[in-house]
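J.: Here it is, the structure in full.
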Amino acid sequence: MNEFSLGINTVLLSIVYLIRLNRENKVLLTMKNVRNVLLAAVIITHKYCEEKSMSFRTLASFSNLEAKELIRLEALFCKLLDWNLVINESTYEAARASCFVSLTMRFGSANCQ
Numbered sequence: 001m002n003e004f005s006l007g008i009n010t011v012l013l014s015i016v017y018l019i020r021l022n023r024e025n026k027v028l029l030t031m032k033n034v035r036n037v038l039l040a041a042v043i044i045t046h047k048y049c050e051e052k053s054m055s056f057r058t059l060a061s062f063s064n065l066e067a068k069e070l071i072r073l074e075a076l077f078c079k080l081l082d083w084n085l086v087i088n089e090s091t092y093e094a095a096r097a098s099c100f101v102s103l104t105m106r107f108g109s110a111n112c113q
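Numbering (our numbering), first residue to last: 1 to 113.
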């Protein structure tokens with residue numbers, strides 16, 4: 001079994017990308033597509049933010065999709081974002097603060113560092 005570890009920043013930035021796509025009406029999340037859209041967001045964010053990203057072979061075994069399908073999902077997701085992966089500091093800080101508030105309300109304390 002492959003281990004796939006995500007930092008809070010990867011998760012947070014993935015959510016920012018999803019919000020951006022939703023705000024621009026580029027993706028409507030449905031029960032049919034949510035898994036693949038979330039997977040694409042995490043893969044793109046992980047590659048963009050981490051020094052060493054996982055190979056498509058590892059990601060394929062983790063996701064139960066073929067590497068060819070992951071490549072297609074990645075390209076489509078980037079195209080929907082107009083290849084704009086930059087998230088400015090104020091957007092990041094707003095997302096981090098929102099994460100902190102949401103988790104604190106839900107669990108009593110949170111660490112979105």
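Here a beta-carbon is modelled for each residue, glycine too, at the ideal position from N, C-alpha and C.
Report the rounded CA-to-CA distance for T91 versus L73, giving the unit in angstroms.
T.: 25 Å
J.: Can you tell me which of the three DSSP states I87 falls into?
T.: coil
J.: Out of curiosity, what's the CA-to-CA distance linking A95 and V16?
T.: 7 Å
J.: Using DSSP with H/G/I as helix, E/B as strand and the rest coil, what is E69?
T.: helix
J.: Taking the alpha-carbon positions, what's the M1 to N84 distance?
T.: Reliability of the predicted coordinates at M1 is poor, the pLDDT of 39 falling under 50, and the value obtained from them is presented with this limitation in mind. So the two alpha carbons sit approximately 33 Å from each other.
J.: In terms of alpha-carbon separation, which member of T30, K32, L39 lies closest to E66?
T.: L39
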